[in-house]
Amino acid sequence: MKTNLPNNQKGAVAIEFAAVFVIFFAVFYGMISYSLPLLLMQSFNHATAEAVRRSVALDPNSPNYAQNVAPLAKQIVREQLEWIPSTFQFLPAHIDATFTAGVLKVEIKYPSSNIAAVMPFIVLPGIGSVPKLPTTLHAKSSLQF
Numbered sequence: 001m002k003t004n005l006p007n008n009q010k011g012a013v014a015i016e017f018a019a020v021f022v023i024f025f026a027v028f029y030g031m032i033s034y035s036l037p038l039l040l041m042q043s044f045n046h047a048t049a050e051a052v053r054r055s056v057a058l059d060p061n062s063p064n065y066a067q068n069v070a071p072l073a074k075q076i077v078r079e080q081l082e083w084i085p086s087t088f089q090f091l092p093a094h095i096d097a098t099f100t101a102g103v104l105k106v107e108i109k110y111p112s113s114n115i116a117a118v119m120p121f122i123v124l125p126g127i128g129s130v131p132k133l134p135t136t137l138h139a140k141s142s143l144q145f
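Counting in full-length UniProt numbering, the sequence shown runs from 1 upward without gaps.
1. Thinking Lys140 and Thr48 are a contact (beta carbons under 8 Å), I'd like their distance in whole angstroms, please.
2. Can you tell me which of Gln89, Pro134 and Gly126 puts its alpha carbon nearest to the alpha carbon of Ala117?
3. Applying the criterion that 16 or more other CB atoms from any shown protein chain within 10 Å of the CB defines a buried residue, is Ile95 buried or exposed?
4. Is Glu74 near Ala101, with beta carbons less than 7 Å apart?
5. Grab the span of the alpha helix (DSSP H) containing His94 for me, first residue to last.
6. Mind reading off the beta-carbon distance from Pro111 to Thr136? Whole number of angstroms is fine, and I expect it under 8 Å.
7. Taking just the CA atoms, how far does Pro60 sit from Phe99?
8. Could you name the residues of the same chain whose beta carbon sits closer than 6 Å to that of Phe44, not counting the 5 residues immediately before and after it, in chain order?
9. Can you tell which of Leu58, Asn68, Leu104 and His46 has its C-alpha closest to the C-alpha of Glu79?
10. Taking the continuous beta strand (DSSP E) assigned at Leu104, which residues delimit it?
11. Do Val77 and Leu143 count as a contact pair if the criterion is CB distance below 7 Å?
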């Protein structure tokens with residue numbers, strides 16, 4: 001059945017669709033573009049905490065404990081983050097582990113520009129780059145023995 005629209009209403013549906021689509025796309029893109037950095041940050045926090053937790057299991061009375069605990073923590077972080085695809089360019093150089101004065105510190109500093117290689121950022125007038133991210137995604141865990 002064909003509906004007869006008045007002559008002045010022929011383009012109203014297209015205009016309404018364009019307005020709704022822009023809003024829908026902005027919300028959808030915002031959800032996708034912010035979920036990836038949040039997933040990475042959650043993974044980095046979990047990996048550093050797990051590295052510190054599992055390093056506690058190493059016997060502090062063992063010979064060369066101070067030299068072995070930091071490399072073990074780095075290895076644990078690498079194991080925890082094996083799932084990250086190579087396109088993200090996550091390198092062992094982004095992981096730092098130190099053991100000084102009885103404190104084990106495990107840190108990840110990942111440049112957020114590497115995310116742009118996987119997911120394009122959109123530059124909106126008046127708002128700027130979406131998603132807005134710090135220059136590095138940073139996670140840190142420490143434990144005093």
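Every residue, glycine too, gets a C-beta built ideally from N, C-alpha and C.
Judging by the given coordinates:
1. 6 Å
2. Gln89
3. Classification for Ile95: buried.
4. Strictly speaking, residue 74 in this sequence is Lys, with Glu absent from that position. No.
5. First-last for His94: undefined, no H or E at that position.
6. 5 Å
7. The C-alpha of Pro60 is placed about 12 Å away from the C-alpha of Phe99.
8. Ile108 and Ala139
9. Cα-wise, what sits closest to Glu79 is His46.
10. Val103 to Pro111
11. no
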